[in-house]
Amino acid sequence: MRHLSLITSLGLFALVASGIPALATCGPNTLTIRKRSRDDRFGSTDDGQRDPNGFRHVGDDGILRYFNGNGEVLNYKRLDKEQLSNLASTYPEPEHRDHLHDVWKDVNSSTVSSEQIWNPSKELLPVVLKQPELLQETGVSKKPKAPDVLKRSDGGENVNCLVISCYTDGECAVWDCWYCLHHDEFISGICMQ
């Protein structure tokens, strides 16, 4: 029985060490390992797909919303003060960092109603939804020149995603960045890595 426990532990460790995210549940005589699906990640649609025209936005209410390309809220996450402070600290420009810290300093996302989460008021919407022409100007057909690109020894590119402005997730995917995150009332978002 000890060997089974050791083998099970080593198997789970091997999955995690190999970079395969997994969810494990144990019972008295069972171990179930389920490979984490795309559905487990924030920002995926119900069918596990990501909308290349979608984006994320952290509103003044401390709610991180995932919008599809049509401006519909598909998913959300309540952020606490520490998460909001950490997020504000990642912003590249000091004046924007200070602004975000000021906006979010007294926010309590736990008090935000379900109605407000799924149907945010106009003042909580990102600029790209208030000015739809911004989204119409974007395109991901050609990889633009990235700022602050560092060459690796093998000639490849290391891109600092945080310095790339974006409107949609698709623009960030071109650079192998995770997604486009909009903050407050800033006109464009930044790619996150």
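Numbering-wise, the sequence shown is residues -19 to -1, 1 to 174 according to mature numbering (1 follows the signal peptide of the UniProt record, and there is no 0). For glycine and all other residues, C-beta sits at the position ideal for the given N, C-alpha and C.
Hey, could you find the ends of the alpha helix (DSSP H) residue i is sitting in?
i, result
"I168", "Neither: I168 is in no alpha helix (DSSP H) and is coded neither H nor E."
"L65", "K62 to S70"
"W99", "S95 to W99"
"E76", "P75 to W85"
"E104", "Element bounds for E104: n/a, residue is neither H nor E."
"C153", "D150 to A154"
Report, in whole angstroms, the separation of the C-beta atoms of residue i and residue j, which I expect to be a contact under 8 Å.
i, j, result
"L81", "H164", "6 Å"
"P113", "G40", "Not quite, the Cβ-Cβ distance comes to about 18 Å (not below 8 Å), so this is no contact."
"D42", "S91", "Rounded, the Cβ-Cβ distance is 11 Å, inconsistent with contact."
"L65", "V88", "6 Å"
"C142", "Q97", "Contact flag wrong, Cβ pair sits at about 30 Å."
"E166", "V93", "Not quite, the Cβ-Cβ distance comes to about 18 Å (not below 8 Å), so this is no contact."
What's the call for residue i, buried or exposed, on a 16-neighbour Cβ count within 10 Å?
i, result
"C172", "buried"
"I168", "exposed"
"P75", "exposed"
"W85", "buried"
"E63", "exposed"
"E152", "buried"
Does the distance from the CB of residue i to the CB of residue j come in under 9 Å?
i, j, result
"F36", "D157", "no"
"R31", "L45", "no"
"G170", "H77", "no"
"P33", "G50", "yes"
"W99", "V54", "yes"
"L105", "F48", "no"
Starting from residue i, follow the beta strand (DSSP E) in both directions and report where the run begins and ends.
i, result
"V54", "V54 to R59"
"I44", "I44 to F48"
"V39", "F36 to V39"
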